[in-house]
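Per the working numbering, residue 591 is the first one in the sequence shown, and the count goes up by one each step.
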Amino acid sequence: DGIAPPQRMHFPPKKISVAWRQRQSVGAGLRNLGNTCFLNSVLQCLTYTPPLANYLLSGEHSQSCREQGFCMLCTMEAHVKHVLFCSDNAVEPTAVFSDLRRIGEHFCFGRQEDAHEFLCYTVAAMQTACLNGSTSLDTSSQATTVIHQIFGGFLRSRVTCLSCQAVSESYEAFLDIPLEIKAASSVPGALEEFVRPELLDGENCYKCSKCDKMVAASKRFTIHRSSNVLTIALKRFANFTGGKISKDVEYPEYLDLRAYMSQPVGEPVLYALYAVLVHRGASGRAGHYFCFTKASNGLWYEMNDASVVLCDLQTVLSQQAYLLFYIR
């Protein structure tokens, strides 16, 4: 499919199980340790990500881990086991919280952080743990870790020179897909924006290797290889001002990615929603985060710090979502 084959396989794809291996009742809530709702809501979404939970609960990682210091996978394994097998209604996420500065050195204890940023750093730290410090591997090999096979896929960027029509293609790995919502009222609409060709001209001209000069070009992203878990971040926060786009963006329970793929015709590429992370408030550094997750018993729960309450699908689908988690 255009992407170079990996030089080595980190984790066999057939061992990834996207369905829960064991059904159990819903786990504990997470106590707030002082502005930690961003951390709590992200952790609950990850805990109810079936392929990740299956892998962590198998204990496969901790049995073979030789890392003496900080290891995000060991930390997450301890956290998920604690939450799912504990008899208390709520627990303190101390294992993850105490590693906050190791997950991202700019994170501050006691300060509200951006939940999407915390998710990115947490998944990246798990990916680093899989690679065992060997970052010199080719991109394709890095994409064979258990974490990349759960959350990751590849985007294709295709640039077409508008002078000579020469086409240049490149591929980049992704662990989530951030979507602009200024012009969209739904997730399918935002995905259409995402794959819409962009004109590169004026200051953004493109250096065409065939014409050997700066030219106008058309650039288009498509999803080239889809992930097992699709994490969508709706870009509600302005990067610099921190202001928020507080509008409703509809998101479906089932999402077909086929129309946004490099190969837009063929069998549907179908995903089902299993977690929604919500932000209430005017800016990312303030306000409150909570989430809705689908437990292994097939029921939806609202998880708001220490509280875990059964809820219906209608409630789940009518939130002002910030992060959406879908599974194939």
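Glycine is no exception: its CB is placed at the ideal position from the N, C-alpha and C atoms.
Alpha-carbon spacing of residue i relative to residue j, whole angstroms
i                 : j                 : result
leucine 790       : alanine 806       : 5 Å
histidine 814     : threonine 734     : 16 Å
tyrosine 850      : lysine 671        : 37 Å
arginine 621      : phenylalanine 699 : 15 Å
threonine 812     : valine 785        : 6 Å
isoleucine 606    : glutamate 695     : 31 Å
serine 724        : histidine 738     : 15 Å
leucine 642       : valine 866        : 17 Å
glutamate 783     : leucine 845       : 16 Å
serine 808        : isoleucine 593    : 22 Å
cysteine 751      : serine 758        : 8 Å
phenylalanine 628 : isoleucine 917    : 22 Å
valine 673        : alanine 780       : 34 Å
glutamine 597     : leucine 727       : 8 Å
cysteine 720      : serine 730        : 14 Å
phenylalanine 880 : tyrosine 912      : 10 Å
alanine 774       : tyrosine 711      : 27 Å
cysteine 795      : methionine 599    : 39 Å
histidine 869     : phenylalanine 697 : 18 Å
cysteine 798      : isoleucine 740    : 36 Å
leucine 709       : phenylalanine 915 : 12 Å
glycine 792       : proline 854       : 31 Å
valine 736        : isoleucine 767    : 19 Å
proline 603       : leucine 623       : 37 Å
isoleucine 835    : lysine 803        : 40 Å
phenylalanine 687 : leucine 633       : 11 Å
tyrosine 841      : valine 777        : 5 Å
asparagine 625    : tyrosine 891      : 22 Å
cysteine 655      : histidine 669     : 16 Å
glycine 743       : tyrosine 761      : 10 Å
glycine 649       : glutamate 667     : 7 Å
alanine 872       : lysine 837        : 12 Å
phenylalanine 660 : histidine 651     : 14 Å
valine 906        : glutamate 843     : 9 Å
leucine 824       : glutamate 703     : 16 Å
glutamate 682     : alanine 618       : 10 Å
serine 753        : aspartate 591     : 27 Å
proline 943       : arginine 826      : The structure shown does not extend to residue 943, since the chain is modelled only from 591 to 918, so the question has no answer here.
leucine 903       : glutamine 614     : 20 Å
tryptophan 610    : aspartate 689     : 28 Å
serine 886        : valine 616        : 7 Å
Residue i - containing alpha helix (DSSP H), residue span
i             : result
alanine 643   : 640 to 647
leucine 633   : 627 to 637
glutamine 904 : 903 to 906
Local conformation of residue i per DSSP, three classes
i             : result
valine 894    : Valine is not the amino acid found at residue 894; the sequence shown has asparagine there. Strand.
threonine 718 : helix
valine 777    : helix
proline 603   : helix
tyrosine 841  : coil
alanine 849   : helix
valine 859    : coil
valine 616    : coil
valine 785    : helix
Beta bridge counterpart(s) of residue i as assigned by DSSP
i                 : result
glycine 888       : BP columns for glycine 888 are empty, so no partner.
histidine 869     : Tyr879
threonine 734     : Partner(s): none; threonine 734 has no beta bridge.
tyrosine 796      : Val805
isoleucine 767    : Ile822
valine 749        : Ser758, Lys809
phenylalanine 744 : Ala763, Arg815
valine 899        : Glu892
lysine 834        : Phe827
Segment limits, beta strand (DSSP E) that includes residue i
i                 : result
phenylalanine 915 : 911 to 917
histidine 814     : 807 to 815
alanine 763       : 757 to 764
leucine 789       : 788 to 790
Contact test: residue i Cβ vs the ligand COA heavy atom, cutoff 6 Å
i           : result
leucine 623 : Among the components modelled here there is no ligand, and therefore nothing to report on the ligand COA.
### Entirely enclosed alpha helix (DSSP H) segments - the segment 650 to 722, minimum 4 residues
Counting whole runs of 4 or more residues, the segment 650 to 722 contains the alpha helix (DSSP H) stretches 650 to 654, 662 to 675, 684 to 688, 690 to 693, 705 to 721.
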